[in-house]
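Reading through the structure tokens given below for one structure.
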Amino acid sequence: MSVVTDKEVQRRVHMTLQVNGEEIEVSFAPYKTLLEVLREDLGLTGTKHGCELGECGACAVLIDGEPLLSCLTLAVECEGRAIETIEGLAQGTQLHPLQEAFADLGGAQCGYCTPGAVMTAKALLDKEPSPTSQQIKEAMSGNLCRCTGYQQIVESVEKAATCCRSAERGAA
Amino acid sequence: MSAKRPLEVVGQPRRRVDARAKVTGQTLFADDLSMPRMLHCKLLRSPHPHAIIEAIDISRAAAYPGVKLVLTGKDFPVPFGIMPVSQDEYPLAPERVRYVGDSVAAVIARDEKTAEEALLLIEVTYRALPTISSPEEGLAQPMPRIHDYGEQGNIHRNQSYEFGDVEAALANSDHVFEDLFFYEGDTHMALEQQASLASIDGDGKLTLATSAQNPHYLHRQLSLVLQMPASQIRVIAVQNGGGFGGKCDPAGHEMVVSKAALMLGRPVKICLTRQEVFYQHRGRHPVLMKFRTGVTKDGKLTAMHLQTLLDGGAYGSHGPASTFYTGVLTPVTYELPRFKFDACRVFTNKPACGPKRGHGTPQPRFGQEVQLDKIAEKLGLDPAEMRLNMATKANSLTSNWLGIGSNGLAECIRQVVERSGWKDKHGKLPEGRGIGIAASTYMCGAGVSIYWNKMPHSGVQLLLDRSGQVTVFCGATEVGQGSDDVLASIIAEVLGISTSQIRCVTGDTGITPIDLGSYSSRVTIMMGNAAMQAASRVRELITAAVIEPLETTPEQVVMSQGRVFAADDPNKGMSFVEAVVLAETKFGTLGTVGNYSPPKPPGKFKGSGVGPSPAYSFSACVVETEVDVATGLIHIEKVWIAHDIGQSINPVHVRGQVIGGVYMGLGEALMEEQVFRRLPAKLSNALVHKIPSLLEYKTLTSADMPEVEVMLIEEPDPNCPFGAKEAGQGPLLPVMPAVANAIWDAVGVRIDEVPITPDKVLRALKLKRAGKNPRVGPEYFPDVPYPEPVFVLPPGEGGDGKESKKLESMPANSLAEVSTS
Amino acid sequence: MMRLPWFNYRSPKSVAEAARILAAEGRDAMLIAGGTDLLPNMKRRQQTPATLVSLRQVGGLKDVVNGRGLTLGAGLTLSEVVNTPALKDSCGYRALHQAAAQVASPHLRNMGTLGGNLCLDTRCLYYNQNEDWRRAIDFCMKCNGETCWVATSSKRCMAVSSTDTAPALISLGAKVRLVSAAGDRELELNDLYQNDGTEYLTRQPDEILTAVSLPDLSGWKSTYWKLRRRGSFDFPILGVAAAVRAAPDGTVLDARIVLGAVSSRPLMTEAGGLLLGGKLTDEAIAAAGKKATSAAKPLDNTDLDLYWRKDVVSSFVGYALREIRGDDMSATRLRIMRQL
């Protein structure tokens with residue numbers, strides 16, 4: 001590997017990112033992925049990492065509503081895109097129905113894959129309010145979990161979907 | 001003393017105490033920590049599997065801009081190791097590397113990237129040595145030795161135990177079955193990569209916050225390696241993102257950042273890459289096994305001679321214990337009047353093996369359960385019925401002197417048989433579909449500590465004050481299994497309050513009483529019993545303070561749902577907070593402690609310390625599968641599992657542990673393997689991990705996971721808090737053999753090794769079609785120089801638990817007496 | 001944390017501008033679209049371009065033109081390809097829909113692009129490793145080394161073509177458009193590849209793959225079957241794409257069977273030719289399976305046993321052709337691929 005020492009290349013990038021509905025100015029080293037900037041430059045450590053190579057899903061966040069892997073997203077490419085992380089999911093102290101369900105039904109054991117899994121599930125429910133268990137399994141198949149055996153994750157997403165739907169009906 | 005009432009917290013499905021933090025991303029894992037002026041560490045690792053380090057030149061790296069410190073082996077003269085008998089590791093290798101990935105030097109720099117760049121500037125001169133890639137090679141090639149200690153050559157541990165005259169019993173058996181099995185190594189793959197942050201406190205003491213299951217053992221080892229009094233060191237086991245045994249060993253990187261922080265006076269952090277986690281390993285030992293098992297014609301075991309050969313990897317780790325565990329729990333599941341057990345662990349030039357979920361026992365469990373299936377087939381017995389008929393009993397002693405307390409095995413078997421429709425399916429499903437059964441046992445905590453001492457295994461301290469807040473301190477470690485929730489639940493149950501009123505402070509050697517750690521499924525019972533004691537002592541204080549205002553007797557005092565009242569007049573009472581105020585008024589500041597030590601094990605021979613446990617859990621599992629005869633592809637339809645939990649503390653999480661165990665068991669059965677690649681010897685000396693990545697180390701995804709139906713058997717065990725036994729490890733054990741047995745039922749082939757991959761199934765199917773033995777598995781067991789056995793008479797033959805002389809010939813009729821005793 | 005090396009980042013707004021940058025920077029520059037292939041390779045130092053030329057802001061790369069045939073912008077993500085109605089609802093284009101739906105994991109499909117999957121770097125267990133791992137084997141022919149460790153006497157690199165969409169698109173007769181500062185050209189997708197693990201593309205380093213065009217395939221039926229260990233994440237260790245045009249009586253008029261992941265390029269087999277003029281009987285399907293098997297050359301550089309991977313080619317060709325024949329293969333599909 002050649003070590004690039006060109007100072008121009010190593011100059012920090014300064015930009016405004018939109019994270020959880022807030023505009024945040026941040027400067028960071030240009031080689032950094034969104035994962036690194038979130039965790040190291042913005043202090044948002046809720047987003048986890050398990051491989052940094054796109055092989056586990058622990059770093060999943062929503063960008064413009066889609067679940068993407070922050071470990072393979074260049075931070076310099078994130079300006080102007082809506083980034084949602086686990087820190088922005090609860091409304092104040094009110095947990096999102098997915099968070100309630102994961103907490104109540106054992107969807108989280110060690111909790112390490114949980115932020116990525118919950119955000120991925122949120123994107124699913126935003127698109128498909130009544131997913132079948134097969135759809136949930138497919139949608140969550142990019143989030144490795146080493147504790148739960150997935151069954152209680154799937155049950156949590158099903159429960160949250162039910163809660164979201166009844167909240168919708170209640171609001172209507 | 002106070003009045004009895006039904007359980008209010010224990011046994012109720014509840015949100016665990018740490019769930020909210022986990023679902024909001026607030027839980028801080030070690031790599032989430034950061035401190036002002038924090039530096040970052042990266043390790044240089046050996047590219048050679050076995051070599052002498054002739055020279056290291058760090059000058060260029062040390063001069064690289066941003067680098068603060070470069071450490072090498074000479075900075076760490078003192079070796080360490082989790083077990084007192086295997087102090088064979090160094091934080092950085094001083095003169096020799098023993099596997100590809102052994103750490104050689106460390107760079108501490110302003111950021112991780114700078115440290116990584118500087119690593120490339122360190123120049124190491126190696127002199128390559130011959131390498132050993134398997135235990136067979138290690139036996140055949142005693143020189144060069146990977147370590148200068150051990151039994152002989154490259155044998156690390158070698159042992160033999162015989163409980164009753166096994167050869168005589170085999171000779172008197174109606175049938176003797178001899179089978180070979182192989183269990184490939186695999187790894188924990190906790191999703192969190194280990195990280196550690198060392199810093200110097202304001203008072204000059206060292207604090208290490210780290211991903212660790214056993215902070216207490218790490219604390220001792222740090223003191224040793226750093227040559228510093230333990231009182232000057234604080235180890236905080238941060239919430240772990242999964243453990244499964246992979247964070248049990250003290251690790252070199254923890255020593256390195258601690259030393260660097262001490263030298264630099266600044267916080268130093270390291271986070272391992274995923275590849276480095278595969279190098280740290282300490283996972284499942286690859287084990288080759290030979291079973292010689294005697295049975296009566298109606299399918300009762302008479303005796304077993306089990307031989308195991310373990311691939312230990314490059315260091316001792318928990319190896320001495322692992323070696324024992326490939327045998328000692330075998331007699332706990334089924335009645336086995338006589339048992340002989342030879343085990344040998346060999347060093348190889350690969351990452352060290354150690355404890356993984358089930359520690360040493362899944363391998364022989366796989367072998368025995370598959371062999372039992374073959375025995376049932378041969379004798380024309382139903383495999384479930386045969387197991388039921390020889391299940392061990394409650395309150396019995398095994399031939400190797402392990403005392404079984406409660407025992408729900410028979411009920412486990414009955415439940416999975418009934419729920420799965422076993423009787424309508426086994427041997428009756430169409431070609432390509434099959435069903436298999438297996439059962440197992442696991443311990444609830446090791447009866448003996450890793451280092452010899454007579455002090456408690458777990459301590460709990462409770463602090464209450466007039467605000468009504470209850471703070472509990474315990475050294476037990478949350479690895480995701482829910483230990484904090486168990487702790488809070490037990491206190492809450494005793495005090496009649498909700499878990500939300502309790503604050504848990506755990507896993508911190510600086511402020512919590514010692515608990516030995518999260519290993520061997522010990523936390524619920526050991527921490528739980530200590531917590532029971534501490535909480536009961538508080539309850540006594542509160543009771544003593546309220547009897548006067550309540551005008552009642554201690555026996556009548558009830559603490560329930562946040563109230564304290566008299567059983568005979570429930571309207572006369574007060575809130576829990578009011579009761580605490582009375583107690584604090586009467587007794588002063590309120591605090592109690594509790595502790596727990598396991599009972600003395602029944603066995604008294606040398607080596608009897610491994611295997612005893614205050615209680616044993618039992619599991620039974622049925623797997624239904626579909627196997628494609630054209631390709632060998634295996635599809636798991638459904639898994640039924642019954643687990644003898646004694647009493648669920650929180651059924652949501654017991655079920656979660658059980659399903660998680662099934663998941664990991666399916667992974668081991670079907671795909672997980674920690675395997676290595678050796679390049680052609682004439683071209684290269686390389687011996688590398690074949691697949692150190694989450695992409696290629698295959699684990700099931702949500703798309704691959706079948707439905708699991710869980711049945712919890714609740715027969716409370718008197719040694720356990722509220723009768724609660726373990727759930728973290730046991731339920732994994734029966735899964736692999738149940739899969740193998742289901743495949744036999746589906747397509748009539750035996751795969752006597754894991755993982756069971758479709759290519760092996762297809763190879764066996766081709767053998768079957770060719771009229772040959774439809775089996776894929778090990779063909780040969782090498783000649784291992786096992787020592788003369790330690791001979792101990794089983795309890796049923798009048799033994800006293802001590803080593804004795806083996807009689808020249810046991811009377812032939814002793815067998816019948818044994819099997820009916 | 002695995003981190004990227006330093007790089008220059010360029011973000012052109014048009015294909016022409018991107019092409020100019022590539023022309024100026026030469027081999028030190030690489031295109032980045034979804035980044036799901038390139039960034040892991042960069043983190044492992046398999047590829048260390050001095051300059052990344054991002055296609056994110058380049059206009060026109062997500063266009064879908066549905067006229068006579070179908071043209072798909074190379075910048076469409078694989079999820080966008082999956083959700084393209086013209087693919088979902090067409091029997092003829094179904095193979096592409098199915099292939100795209102099975103690439104990697106849901107997140108990676110939301111990121112990776114069609115063009116990226118077509119240009120996917122070849123893969124090998126000796127190559128897709130961290131730099132220090134590769135140093136332990138003294139590197140390999142594909143990157144920094146001399147020897148192909150898969151076949152030590154081989155003169156060429158044996159890394160495996162691991163794209164799912166390429167076999168599917170080749171079976172559909174797709175063409176690709178390549179644009180450079182010097183001009184643009186269209187070529188058969190089949191001609192984009194060559195059987196060399198290192199130089200696996202005939203695309204020049206200064207060319208940008210901008211679009212994929214498909215002929216009108218009314219009257220055709222196609223399908224894609226993927227073999228991998230798990231229902232997610234994994235690259236194919238065998239891909240079978242089949243496209244067949246049959247007369248109303250079932251007589252096969254055209255047939256293409258393309259294999260993925262058994263060579264350094266997607267492999268157009270002669271098995272399709274065997275089917276011409278006959279019907280998709282069990283015998284014909286078995287013969288095609290046998291023919292395709294003989295073309296497959298799996299090696300010990302991906303997941304699972306290489307002999308077994310060859311053994312099952314015939315079965316997978318069978319699944320594909322039976323599905324095209326109209327057999328209900330949904331249960332088998334769900335069991336093997338975990339999705340319909």
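If you read the sequences in order, they're chains A, B and C. Taken in order, the first sequence gives residues 1 to 172; the numbers are from our numbering. Taken in order, the second sequence gives residues 1 to 821; the numbers are from our numbering. Taken in order, the third sequence gives residues 1 to 340; the numbers are from our numbering. Idealized CB from N, CA, C, for every residue including glycine. Fair warning: this is a prediction, and the values are worked out from it, not measured in the lab.
- Taking the Cα of cysteine 91 of chain C as reference, the smallest distance to any Cα among C/Ser218, C/Met42, C/Ser180 and C/Leu304 is reached at C/Ser218.
- Contact annotation for threonine 36 of chain C against chain A: Gly54, Leu69 and Leu72 [CB-CB distance below 9 angstroms, chain order].
- Residues of chain C whose Cβ lies closer than 8 angstroms to the Cβ of tyrosine 31 of chain A are, in chain order, Arg3, Leu4, Pro5, Trp6 and Phe7.
- Per DSSP, glutamine 152 of chain B lies in no beta strand (DSSP E) and is assigned neither H nor E.
- Bridge partners of methionine 30 of chain C according to DSSP: C/Leu52.
- DSSP, read as helix, strand or coil, puts cysteine 163 of chain A in helix.
- At a cut-off of 8 angstroms between beta carbons, isoleucine 285 of chain C makes no contact with chain B.
- At least one C-beta of chain B is nearer than 8 angstroms to the C-beta of methionine 140 of chain A.
- Of the candidates A/Leu53, A/Gly54 and A/Ile24, the residue whose Cα lies closest to the Cα of glycine 43 of chain A is A/Ile24.
- Distance from aspartate 303 of chain C to glutamate 696 of chain B at the Cβ level is roughly 7 angstroms; contact confirmed, criterion being Cβ atoms closer than 8 angstroms.
- Within 10 angstroms of the beta-carbon of valine 78 of chain B lie fewer than 16 other beta-carbons, which makes it exposed.
- Among the residues facing chain B, asparagine 83 of chain C is not included, as its CB has no counterpart in that chain under 8 angstroms away.
- In the three-state scheme derived from DSSP, where H, G and I count as helix and E and B as strand, phenylalanine 139 of chain C is classed as coil.
- The three-state secondary structure of aspartate 201 of chain B, taken from DSSP, is coil.
- The beta carbons of tyrosine 325 of chain B and threonine 361 of chain B sit closer together than 8 angstroms.
- Using a Cβ-Cβ cut-off of 8 angstroms, glutamate 192 of chain B is close to Lys48, Gly50, Cys110 and Tyr112 of chain A, given in chain order.
- Under the three-state reduction of DSSP, proline 570 of chain B is assigned to strand.
- Along the segment 63-108 of chain B, the beta strand (DSSP E) occurs as fully enclosed runs of 3 or more residues at 67-72, listed in sequence order.
- DSSP, read as helix, strand or coil, puts lysine 155 of chain C in coil.
- Under the DSSP assignment, leucine 301 of chain B falls in the beta strand (DSSP E) whose first and last residues are 301-313.
- When the five nearest sequence neighbours on each side are left out, the beta carbons in the same chain lying within less than 8 angstroms of the beta carbon of cysteine 412 of chain B are those of Ala439, Phe618, Ser619, Ala620, Ala642, His643, Asp644, Met711 and Ile713, in order along the chain.
- Just so you know, the alpha carbons of glutamate 117 of chain B and glutamine 461 of chain B end up roughly 47 angstroms apart.
- Annotated as proximal: aspartate 18 of chain B and threonine 27 of chain B, with beta-carbon spacing under 8 angstroms.
- Asparagine 117 of chain C has a beta carbon lying at 8 angstroms or more from every beta carbon in chain A.
- Closest in alpha carbon position to methionine 289 of chain B, among B/Asp783, B/Gln481 and B/Asp800, is B/Asp783.
- For valine 76 of chain A, a Cβ of chain C is located within less than 8 angstroms of the residue's own Cβ.
- Secondary structure in the segment 400-486 of chain B: the alpha helix (DSSP H) runs of 4 residues or longer, each lying completely within the stretch, are 409-420 and 422-425 in chain order.
- In the structure shown, the three-state DSSP call for valine 82 of chain C is helix.
- One thing to note: leucine 69 of chain A has its Cβ no nearer than 8 angstroms to the Cβ of glycine 46 of chain A.
- Taking C-beta atoms under 8 angstroms as the contact rule, valine 593 of chain B and alanine 535 of chain B fail to qualify, at a distance of about 11 angstroms.
- Around the beta carbon of arginine 5 of chain B, fewer than 16 other beta carbons lie within 10 angstroms, which makes this residue exposed.
- Residue pairing of methionine 268 of chain C in beta bridges, as defined by DSSP: C/Val258.
- Chain-order list of chain C residues neighbouring cysteine 41 of chain B: empty, with the shortest C-beta distance near 12 angstroms, by a criterion of under 7 angstroms.
- In the three-state DSSP reduction, glycine 667 of chain B falls in the helix class (H, G or I).
- Shortest Cα-Cα distance from arginine 123 of chain C to any of C/Leu52, C/Glu207 and C/Asp234 involves C/Asp234.
- A distance below 8 angstroms separates the beta carbons of glycine 111 of chain A and lysine 22 of chain B.
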